[in-house]
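In what follows, a structure is listed as structure tokens, so that the remarks can point back to it.
Numbering (the numbering used here), first residue to last: 5 to 161.
Okay, structure coming up:
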């Protein structure tokens with residue numbers, strides 16, 4: 005593996021670990037509050053669904069979940085665990101430079117490298133977690149600290 009490929013691999017590996025930790029912090033908030041936050045829960049369901057869909061595209065399987073399918077917040081952890089088992093298996097067993105042919109939710113054909121697909125999935129998760137943090141604040145709930153740099157400073161990554 006070339007130095008550049010190794011650096012790319014390490015960056016993706018770390019960003020997967022970051023996403024897993026940040027998602028867990030958000031799920032912990034959902035588990036610890038008594039009130040339902042339908043919009044935030046719907047958005048977190050969407051994060052989980054997108055992770056599931058991208059990981060299944062990478063391995064050539066048909067996803068089980070729809071893009072906006074809603075899940076009970078009590079099922080978030082199990083879905084996340086299954087997602088990251090597949091995501092980590094992809095990272096361990098497939099080259100980030102492998103081109104994958106897949107179809108988007110509208111049926112359009114695309115071809116991207118596994119590394120690019122991972123970056124889309126991970127960036128998408130970060131984007132929507134930020135929206136959820138805003139929703140938690142608006143509901144008077146202390147949001148979790150999910151900034152990447154905080155995990156680095158605390159040697160969690």
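Don't be surprised by glycine CBs; every beta carbon is placed ideally from N, CA and C.
Since we're looking at a predicted model, the values are computed, not measured.
**Item:** Cβ neighbours of residue 52 in the same chain (closer than 7 Å, five flanking residues each side left out)
**Value:** 75, 80, 83, 84, 87
**Message:** Taking 8 Å as the threshold (beta carbon to beta carbon), is residue 78 in contact with chain D?
**Reply:** In summary, chain D is missing from the structure at hand, where a single protein chain is found.
**Request:** Return the first residue and the last residue of the beta strand (DSSP E) that residue 116 is part of.
**Result:** 113-117
**Message:** Assuming residue 38 and residue 148 are in contact, meaning their beta carbons sit under 8 Å apart, how far apart are those beta carbons, in whole angstroms?
**Reply:** Not really, about 17 Å apart at Cβ, beyond 8 Å.
**Item:** Segment limits, beta strand (DSSP E) that includes residue 103
**Value:** 103-107
**Prompt:** Buried or exposed: residue 200, going by 16 or more other Cβ atoms within 10 Å of its Cβ?
**Reply:** Outside the displayed range of the chain (5 to 161) lies residue 200, so it cannot be described from this structure.
**Asked** Would the beta-carbon of residue 21 fall within 8 Å of that of residue 161?
**Response** yes
**Prompt:** Around the Cβ of residue 58, are there at least 16 other Cβ atoms within 10 angstroms (buried) or fewer (exposed)?
**Reply:** buried
**Prompt:** How should residue 111 be labelled, buried or exposed, when 16 other C-beta atoms within 10 angstroms of its C-beta is the threshold for buried?
**Reply:** exposed
**Message:** Please list the terminal residues of the continuous alpha helix (DSSP H) segment that includes residue 162.
**Reply:** Lying outside 5 to 161, the shown extent of the chain, residue 162 is not represented and no answer is given.
**Request:** Identify the continuous alpha helix (DSSP H) that holds residue 1 and give its terminal residues.
**Result:** Nothing about residue 1 can be read from this structure; the chain reaches only from 5 to 161.
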